[in-house]
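J.:
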Amino acid sequence: MLLVVLAFAVFLLIGMPVAFAIGISGVLFFLQHPELPFTIPLQVTVSQTQNFALLAVPLFIMAGNYMNRSGITESLLNLASVATGHFKGGLAQISIVLSALMGGVSGSAIADAAMQSRILGEEMTKRGMSRGFTAGVISFTSLLTPLIPPGIGMILYGTIGQVSIGRMFAAGFAPALLLGIAMSIAVWYTSNKRGYPPERAKRASLAEVGSALKGGVWALLFPVILLVGLRMGIFTPSEIGAFAVLYALFIGFVVYRRLKTKSFVEALEISLADVGSAMFLISLSAIFSYGIVFERIPEVIASSLTSLTDNVQLVMVLIVLLVLAAGLFIDATVIIIMMTPIFLPAVRAMGGDPVHFGIVFIVAATIGNFTPPVGAAMFTVCSILKVSVGAYVRESVPLMVAIGLTTLLLIFVPEFILLIPNLLFG
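Quick note on numbering: numbering that gives the first Met the number 0 labels position 136 of the sequence shown as 135, and the sequence is numbered without any gaps.
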């Protein structure tokens, strides 16, 4: 299996698309084991596409694309401005709140970072904020997006690890709040030190707050409806994905009336491309995963970790460090697909809660989107704002510290993650 992993790393270094790198390196495993029927790679690839739970992935991708074109982003931006525009570094604070609100719309950190770069990026620099600071804030605050239902990472983790997706959805709210507060403090500290101004001269009036809430209520209701539907047994995760698409179309065509035939077709085309790439990656990962299970790698890692310590929190710290290292070179989606079957059994064997570990794992995997050398969100933001990676990294240090400390808090105080799912689901 070591040869397979080395082959995968080499394929990535030479620039091969990730899906092909996973699939080809997985096939190499079967070449090492001629006793295994060579029809297995084809069988596991096809069977992976027939997993009913994974139907939620394309449906939520489609719902997110339609929500983004329904006019809801402008309403959420106004709500974020009303909530935090009076703080120092107002637009930077607005970015944090907008990322949390966009979680129920896009579910993707990269999509949120790209959107905010175009909406807030130039406005932040016009108010005297450095381009490196602007890029760092917009990039790192998008970490909140995949933690708010319906985060695609939660669906993948829950499906692969056989963990309740409803509990995963419920578990994301409190960590998102803690991370948002930590990043808000980091932004306030930097803004106060550099004299970055607030966006609003004073706090919003009750009338402004009411008006902003009215405009954003449809987006705010979305994650609530998802949780209630799952908790009451009205929907399965796949069925609620279909409901999400209908909900997005209702908002676009009936409520805001900004979704027209042209934007409907454009969103459908983008969704088809997104779904195709995601499902192709998931399908080929099944070949790699088969080798992991066959070689009993989860058991080996579990025994190795328990030989170092029998404390599940310390084991989770070690796993987070490994995931952060992998995130320097591998996309978050790939990490979740490839490493969930490796690390989750080890944590379960030590008595760890799979939902607690899942949220921490998703946070650690998503951080890789913001770090060099291959962070997708980092490159997206830096290219749009025309800022160097060096300036981006230097200006992002306070945010990195805030996220790191909060992640440790989530590891050692699991109640922050488990309180809401335990209240809702028992």
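Idealized CB from N, CA, C, for every residue including glycine.
Figure out for me which residue from 156, 126 and 100 has the closest Cα to the Cα of residue 333.
T.: With distances taken between Cα atoms, residue 333 lies closest to 156.
J.: Which class does residue 249 belong to by DSSP, given the choice of helix, strand or coil?
T.: If DSSP states are grouped into helix, strand and coil, residue 249 belongs with the helices.
J.: Identify, in the order they occur along the chain, each residue of the same chain with its Cβ nearer than 7 Å to the Cβ of residue 284, setting aside the five sequence neighbours on each side.
T.: Hits under 7 Å: 21, 336 and 337.
J.: Exposed or buried, which one is residue 265 when buried takes at least 16 other CB atoms within 10 Å?
T.: By the 10 Å Cβ count, residue 265 comes out exposed.
J.: Excluding the 5 residues flanking residue 240 on each side, which residues of the same chain have their C-beta closer than 6 Å to its C-beta?
T.: Result list for residue 240: 55, 58 and 59, in chain order.
J.: Can you say whether residue 355 is buried or exposed, counting buried as having 16 or more other CB atoms within 10 angstroms of its CB?
T.: Residue 355 should be labelled buried.
J.: My assumption, with CB atoms under 8 Å, is that residue 369 sits in contact with residue 322. Please give the rounded CB distance.
T.: That belief does not hold up - the Cβ atoms of residue 369 and residue 322 are roughly 14 Å apart, past 8 Å.
J.: For residue 385, count neighbouring C-beta atoms within 10 Å of its own C-beta (all shown protein chains included) and say buried if the count is 16 or more, exposed if not.
T.: It is exposed - the Cβ of residue 385 has fewer than 16 other Cβ atoms within 10 Å.
J.: Once DSSP output is grouped into helix, strand and coil, what is the label at residue 161?
T.: Three-state DSSP puts residue 161 in coil, outside helix and strand.
J.: By the three-class DSSP mapping on this structure, what secondary structure does residue 395 have?
T.: Residue 395 falls in the coil class under three-state DSSP.
J.: Tell me whether residue 60 sits in a helix, a strand or coil according to DSSP, three-state version.
T.: In the structure shown, residue 60 sits in a helix (DSSP, three-state: H, G or I).
J.: By how many angstroms is the C-alpha of residue 403 removed from the C-alpha of residue 353?
T.: Whole-angstrom Cα-Cα distance: 21 Å.
J.: Beta-carbon within less than 7 Å of residue 178's beta-carbon, same chain only, minus the 5 sequence neighbours each way: which residues are those?
T.: 142, 143, 402 and 405, listed in sequence order.
J.: Would you say residue 268 and residue 90 are within 7 Å of each other, going by their C-beta atoms?
T.: Cβ atoms of residue 268 and residue 90: not closer than 7 Å.
J.: Between which two residues does the alpha helix (DSSP H) holding residue 323 run?
T.: Segment 311-326, the alpha helix (DSSP H) holding residue 323.
J.: Could you please give the first and the last residue of the uninterrupted alpha helix (DSSP H) stretch that includes residue 439?
T.: The structure shown does not extend to residue 439, since the chain is modelled only from 0 to 425, so the question has no answer here.
J.: Determine the closest residue to residue 111 out of 397, 32, 67 and 159, with distance taken between C-alpha atoms.
T.: The option with the nearest alpha carbon to residue 111 is 67.
J.: Is it the case that the Cβ atoms of residue 419 and residue 169 are separated by a distance below 7 Å?
T.: Against a cut-off of 7 Å, the Cβ pair of residue 169 and residue 419 comes out as a contact.
J.: At 4 residues or longer, and completely inside the segment 163-210: list those alpha helix (DSSP H) runs for me, N to C.
T.: Qualifying alpha helix (DSSP H) stretches, in chain order: 164-170 and 172-193.
J.: Does the Cβ-Cβ distance between residue 187 and residue 261 come in under 7 Å?
T.: Against a cut-off of 7 Å, the Cβ pair of residue 261 and residue 187 comes out as no contact.
J.: Along the alpha helix (DSSP H) that carries residue 353, what are the first and last residues, could you check?
T.: First-last of the alpha helix (DSSP H) with residue 353: 353-366.
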